[in-house]
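Please read the structure below before turning to the comments.
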Amino acid sequence: MNTNKQKADRLTRDLLKDCYEIPPKGMDLRIMELIKKEAPVIRKKDVKECSSIGGIISLGVGYVILVISLITILLINKDDLGSMYTQLKDAFPYILSLVAIASSFIFYFCMDKVLTFSR
Amino acid sequence: MDEQRWIESILAGDTQSFSCLVTKYQQMAFSIAFRILENREEAEEVVQDAYVKMYRALPSFQFGSKFSTWFYRIVYHTSLSALRQQRLFSGYDEATPADLTDEDFDCASEILERKDRKELIAKGLKNIPKDEALLLTLYYLEECSIDEIHQVTDLSVSNIKVKLFRARKHFYESLQLITKHEIVSIL
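Quick note, the sequences are listed as chains A and B, same order. Those letters in the first sequence? Residues 2 to 120, by this note's numbering. Those letters in the second sequence? Residues 283 to 469, by this note's numbering.
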């Protein structure tokens, strides 16, 4: 019984081998036309994800902290602007490095997104 | 694992990678749709629709499952919608059909040798119920496992086994009828 089943399975598999229904000519091109019309749907979704609410909030919080820090420094040192300039002068290389790193990161991140979505 | 690479490219915005999925699966997708609808024009419309649905659903595809099974399920359900039917298969079939006879085997072996095998097989599949033709196509042509057929059609595993057994018997009977008709027409 089992041998019979195996024989039937093998024979049926051989009979049906490559017996696909052949799709009409050009069906693949017509599908691709439809997909090209659909393409913006997925892209729009990705662009939306880039500027999520979380990202915008964290960027805003970062700016607020930066402004508060600058104001605090100015208030603390308002009597002695001279010493503040000296302190800024000492910290200038570090500030410059941080600004350069942050700018490069933002620039290349944006460039990556622009190149991805302009393809 | 080609599919994973293609899908990642498509999701990154490379629409052209989608043509790889079209090339690889269009024959089987069309075969499934044609088995259910039995009309080439309608089957093409369904396949196009299924590809668009698949494209829209790609971001939610989990790589843990087999892509072909996932896509064939979309084609299957899109075909059923086109047919305005919720189900293709009738209820659980407890009747066990008779096993294949020597005559069935001899006839099938003869067909295997013939040059017009594909035409005869197409006729043979057309003469049996479409749910049975679909099961034979998935199991013997695409070599889907019983579990994969269960994922595509939602039929229970035991039901698939019974229906496959019956489908094979009907298919062999259909082939015999075709060859007998040929002999009669020659005489």
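Note that beta-carbon positions come from the ideal geometry of N, C-alpha and C, so glycine has one too.
Under the criterion of beta carbons closer than 8 Å, Glu326 (chain B) and Met112 (chain A) do not qualify as touching, at roughly 42 Å. Only those residues of the region 19 to 31 of chain A whose C-beta falls short of 8 Å from the nearest C-beta of chain B are listed: Asp19, Cys20, Tyr21, Glu22, Ile23, Pro24, Pro25, Met28, Asp29 and Arg31. Neighbourhood of Tyr422 (chain B) in chain A, by CB distance below 7 Å: Thr13, Arg14 and Leu17, in chain order. Buried is the label assigned to Ser313 (chain B), since at least 16 other Cβ atoms lie within 10 Å of its Cβ. Contact check for Leu402 (chain B) against Leu418 (chain B) fails: the beta carbons are separated by 8 Å or more. Our two residues, Ile77 (chain A) and Leu71 (chain A), have alpha carbons roughly 10 Å apart in a direct line. With respect to chain B, the C-beta atom of Asn78 (chain A) has no partner C-beta closer than 8 Å. When DSSP states are grouped into helix, strand and coil, Ser427 (chain B) belongs to the coil group. Listed along chain A, the residues sitting closer than 7 Å to Arg322 (chain B) by beta-carbon distance are Pro25. Between Glu320 (chain B) and Lys397 (chain B), the gap from beta carbon to beta carbon reaches 8 Å or more. DSSP, read as helix, strand or coil, puts Thr383 (chain B) in coil. Burial of Ile292 (chain B) is indicated by the presence of at least 16 other C-beta atoms within 10 angstroms of its C-beta. In terms of beta-carbon proximity, Ala103 (chain A) stays away from the interface with chain B, with every pair separated by 8 Å or more. For Asp381 (chain B), the nearest CB of chain A lies under 8 Å from its own CB, placing it at the interface with that chain. Rounded to whole angstroms, the gap between the alpha carbons of Val434 (chain B) and Phe106 (chain A) is 46 Å.
Distance between Leu12 (chain A) and Ala390 (chain B), taken at the CA atoms: about 7 Å. Inter-residue distance for Gln309 (chain B) and Ser59 (chain A) is about 50 Å (C-alpha atoms, whole angstroms). Below 8 Å, too few C-beta pairs join the region 324 to 344 of chain B and the region 417 to 431 of chain B to call them touching: fewer than three. Taking 3 residues as the shortest admissible run, the region 296 to 378 of chain B contains no complete beta strand (DSSP E) segment at all. Under the three-state reduction of DSSP, Ala415 (chain B) is assigned to helix. Counting only the Cα atoms, Ile318 (chain B) lies some 25 Å from Leu382 (chain B). For Asn409 (chain B), the closest alpha carbon among the candidates B:Arg287, B:Gln286, B:Glu464 and B:Ile460 is that of B:Ile460.
By the Cβ-count criterion, Leu416 (chain B) is buried, with 16 or more other Cβ atoms from all chains shown falling within 10 Å of its own Cβ.
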